[in-house]
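Asker: Using the UniProt record's numbering, read the sequence shown as starting at 1 and increasing by one per residue.
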Amino acid sequence: MQIALTGAASGIGAATVGRLKAAGHHVTAFDIAEPAGVDRWLPVDLSDMDAIADATAQVAGPFDALILNAGLPPRADNAVELLTVNVFGLMAAARALEPKLAPGASIVATASRAGEHWRQNLPQVKALMGLTGPAALPDFVAANQIDPLRAYCLSKEAVVVWTLRQTERLLAKNMRANCVSPSAVDTPILGDFKAALGERAAHSLARVGRAGQPDEIAALIAFLAGPESGWVRGQNVTVDGGMTAMALCDE
Ligand code: NAD
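#1: Buried or exposed, going by whether 16 or more other CB atoms sit within 10 Å of the CB of L128?
#2: Keeping to the same chain, check which residues put their C-beta closer than 8 Å to that of L97; ignore five residues upstream and five downstream.
#3: Please tell me whether P214 and A15 are closer than 7 Å, where the distance is taken between their beta carbons.
#4: How do the region 144-152 and the region 74-92 stand: do at least 3 beta-carbon pairs fall below 8 Å, yes or no?
#5: Whose CA, out of G133, R113 and R119, lies closest to the CA of G241?
#6: Which residue comes first and which comes last in the beta strand (DSSP E) that contains L66?
#7: Based on the DSSP secondary-structure assignment, which residues constitute the bridge partners of N174?
#8: Pop quiz: A225 and S204 are said to be a contact at Cβ under 8 Å. What is the actual Cβ separation, rounded to whole angstroms?
#9: Comparing C-alpha positions only, which one of D250, N144, G234 and G230 sits nearest to G104?
#10: Going along the chain, which unbroken runs of the alpha helix (DSSP H) with 4 or more residues stay wholly within the region 159-241?
#11: Could you check whether L72 and A109 sit closer than 7 Å to each other, using their CB atoms as the reference points?
#12: Say yes only if the C-beta of D31 is nearer than 6 Å to one or more non-hydrogen atoms of the ligand NAD, and no if none qualify.
Below you can see the structure in the form of structure tokens.
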């Protein structure tokens, strides 16, 4: 298969590249940093919508799968940058690359368990997704008093909603989209989540016993990207070591 992937240089994306290459696929990567082991790297800052247009214009496809994995964690004062990359960068890359997808193609987005409350927060998610573009984000963030942790949750709620919303439109084109929602995964940004969540992160991690390994998420992404998952459409698949199940049973 020909596969396009954002966020290929580190963590879950790098593990996904390893898995896809081991299975004999051709991988085209879009990342600000240089990924190892890919067939082609298009350097791009996914916070820059013009750069996304330029980088995606350089590839012809047709791609059998598009994996939208790049994302920023919450860090001091980064709500606007985070929402730009995680939401508008993702949607812009998808919009630009969809015409280059082959019939039957699969789109897989990386959301997060942090986006699990998307139903309760739907009005705010819709307001975010309805903005004209990233230029409107500073006012949106200020007006809604969105701190970096809330920005991260909101960005992943938006990824879930975006994915589900693609289902019927893509079906008419013989394509499909799904997203994966990991909880804590042992990548370079795990420390950012621990810092943002404090005790809550320590408690959740202690309860499931360990953080997930990048390849445990990559295995799910590779399955959803490939033809074996063809009847899986419009799903948000949680991979969290049992965290959600245990929290549900507490209720
Ligand atoms: P990571 O930092 O190891 O990898 C992120 C990748 O995205 C890197 O290759 C980075 O270069 C790229 N990237 C970041 N900003 C970019 C930009 N502006 N332009 C282009 N590329 C950019 O993180 P990870 O943990 O592997 O995260 C991958 C995805 O998984 C993210 O969407 C993240 O939100 C999500 N996620 C991670 C965890 C976790 O605990 N690690 C949990 C749930 C969801």
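All C-beta atoms, glycine included, are put in the ideal place defined by N, C-alpha and C.
Answerer: The answer reads as follows:
#1: For the purposes of this step, residue 128 is taken as the residue at position 128 of the sequence shown. By the neighbour-count rule (16 or more Cβ atoms within 10 Å), L128 is buried.
#2: Here residue 97 is taken as the residue at index 97 of the sequence shown, counted from 1. Cβ within range, chain order: A4, T56, V59, G61, F63 and L66.
#3: For this step, residue 214 is matched to residue 214 along the sequence shown. For this step, residue 15 is matched to residue 15 along the sequence shown. It is a contact, given that the beta carbons lie within the stated cut-off.
#4: yes
#5: One-based indexing of the sequence shown puts residue 241 at position 241. Nearest option by C-alpha distance: R113.
#6: Position 66 of the sequence shown, counted from the start, is the residue given in the question as residue 66. Here the beta strand (DSSP E) through L66 covers F63 to L68.
#7: Working through the sequence shown from its first residue, we reach residue 174 at position 174. BP columns for N174 are empty, so no partner.
#8: Looking up residue 225 in the sequence shown gives position 225. Looking up residue 204 in the sequence shown gives position 204. 28 Å between Cβ atoms; not a contact.
#9: Against the sequence shown, residue 104 aligns to sequence position 104. Checking every option, the nearest Cα to that of G104 belongs to G230.
#10: 190-197, 199-208 and 214-225
#11: To locate residue 109, count along the sequence shown from 1; it is residue 109. To locate residue 72, count along the sequence shown from 1; it is residue 72. No.
#12: In the sequence shown, the residue the question calls residue 31 occupies position 31. Because some heavy atom of the ligand NAD lies under 6 Å away, the Cβ of D31 counts as near it: yes.
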